[in-house]
Amino acid sequence: MGIQVFSQIYFHISGYHECGDTLRTISMSVRIVFSFYQLFIAFKYSNIIINRYPILSRFALMHLLATTLSSWFRTIISEAMDEYVDNIHNDNINNLTRDLIFPDYMEHEIYCLDKAVISAKSMSILPYLYPFTIEFNIIMASIWFMCWINIGKSTTNKCQHTTNKSVSQTHISNIEQQAQTDPDTWSTMSIGTQCHASNRGLFCGLTTLLATAVSIIIFFATQSFDYFEISLYSAQISITTLIGCAIIPIAYCKTRRLDVVCPEHFDSNKMLMDDLLVLIPVPFFMLHYTCLIMAEVDDGSPVSIILIVVYVLTIIQVLMQSPFIVDGLRRCSNSPGLLHFKPGRELIMFALILNITLWILNTFELKYMDRYQGMEDYFGKLTWMIISNANLPLMLFYRFHSSVCLSDMWKHGYESDACV
């Protein structure tokens, strides 16, 4: 939005009034201010429960929810049209012709693109930024929805250990005494306790993340070698996805030994929201990779066979991980044995970092790989742009939110259900 505001101001200053749109400039400026103000309010007041003026509060929160969702859809359409205009502009430079939709609008946009101070080359980073706009709107919509369903509900602290009050006070006093006598030992013990039973998962996950970061650098450094790029991308996705497919069943076999949280000890509204945010992106994964498989089957080349295997593995990994997260969020550790051994914790840590790795990998490479996958030839340029721009942000959000849920499992799954 900032780039668009700058471009509009430049058009007005430079005298290209046919390209400048005052209303659009004002709209974009207001959206920037609204985004920052909305973020501030969400950080400051997202945990409050509204008990006064419930009707007005419900109306206001539903209006905010609808605004964020409409911004989501607007961004998808706007990005698809901008990408389509950029492709038409490149075709004109290369003396290629094609049938245009909305020809008058396209000619006007191409004319303004030629006059813009920011060139198309300098704006090539924009496809990597717009998914963050979608993810921001999804997160804000979920926050406003949580505030809406909590209107008029009183809250109580469910983590009051009245029966263990004297034990807790004694334990705290011992900790304070130890921290005062030997603070270095206490600091080391605290770090070791928090990472207990997850060191190997942390090490393996960071190794995978580092290897992926190096491979991403190699990926963009070898753009002139088309087949090397697609081979490297296939290797990256297939290896990380295979690891994910392997550790999820093992982690589930271990975490199913954990206790189930009692219904009175967890926030049902928060649990519902986490479930929705994990499960809603799954159909978009299915749609996106089904379209990819259809196009590769139609192509029939040896490279297409490899990509089909990669896409099928990705679908399997998502279908395995989603119920694992839904189940794991409802687990806790009440017995001393579970609190000590923490079964499956290192695998959860590994899966957490693996999802962060896939999120980074897809953010930087998935959009770039569209030119190799033949989607535009199979579905048409504009159709595939809309499909891709609708699916990709939710796929990235799935990886991001899965990491958040896995971190909750890593922490709260190995605590007593009274504190979950």
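Counting from 0, one number per residue, gives the positions in the sequence shown under numbering that gives the first Met the number 0.
Glycine is no exception: its CB is placed at the ideal position from the N, C-alpha and C atoms.
Source: prediction; values computed, not measured.
Test item: CB-CB of residue i and residue j under 7 Å
i, j, result
"residue 15", "residue 78", "no"
"residue 292", "residue 233", "no"
"residue 33", "residue 19", "no"
"residue 255", "residue 342", "no"
"residue 106", "residue 200", "no"
"residue 152", "residue 249", "no"
"residue 376", "residue 331", "no"
"residue 294", "residue 374", "yes"
"residue 83", "residue 381", "yes"
"residue 276", "residue 400", "yes"
"residue 281", "residue 321", "yes"
"residue 231", "residue 218", "yes"
"residue 403", "residue 329", "no"
Beta-carbon separation (whole angstroms), residue i vs residue j, contact threshold 8 Å
i, j, result
"residue 236", "residue 356", "With 8 Å as the limit, residue 236 and residue 356 do not qualify as a contact, their Cβ atoms being about 11 Å apart."
"residue 324", "residue 405", "7 Å"
"residue 319", "residue 247", "5 Å"
"residue 396", "residue 134", "5 Å"
"residue 409", "residue 353", "Wrong, their Cβ atoms sit about 13 Å apart, outside the cutoff."
"residue 412", "residue 327", "6 Å"
"residue 147", "residue 57", "6 Å"
Straight-line gap, residue i to residue j (C-alpha atoms, nearest Å)
i, j, result
"residue 138", "residue 241", "29 Å"
"residue 63", "residue 149", "15 Å"
"residue 285", "residue 13", "47 Å"
"residue 65", "residue 339", "46 Å"
"residue 299", "residue 307", "10 Å"
"residue 71", "residue 359", "21 Å"
"residue 198", "residue 205", "11 Å"
"residue 262", "residue 414", "16 Å"
"residue 4", "residue 21", "10 Å"
"residue 37", "residue 75", "20 Å"
"residue 164", "residue 407", "Unreliable placement is indicated for residue 164, whose pLDDT of 40 sits below 50; no coordinate value is reported for it."
"residue 41", "residue 59", "14 Å"
"residue 296", "residue 310", "12 Å"
"residue 398", "residue 17", "43 Å"
"residue 29", "residue 39", "15 Å"
"residue 35", "residue 87", "34 Å"
Residue nearest to residue i in terms of C-alpha spacing, selected from the options
i, options, result
"residue 348", "7, 203, 331", "203"
"residue 416", "82, 265, 108", "265"
"residue 67", "83, 132, 230, 295", "132"
"residue 386", "414, 399, 288, 401", "288"
"residue 210", "297, 239, 46, 220", "239"
"residue 279", "111, 46, 141", "141"
"residue 337", "17, 35, 253, 69", "253"
"residue 27", "45, 39, 8", "8"
"residue 243", "311, 302, 317", "317"
"residue 44", "290, 145, 212, 398", "145"
"residue 303", "229, 283, 103, 31", "229"
"residue 80", "61, 69, 283, 109", "109"
Would you be able to state if there are at least three C-beta pairs under 8 Å between the segment 266-275 and the segment 387-395? Contact fails between the segment 387-395 and the segment 266-275, because fewer than three Cβ pairs, one in each stretch, are under 8 Å apart.
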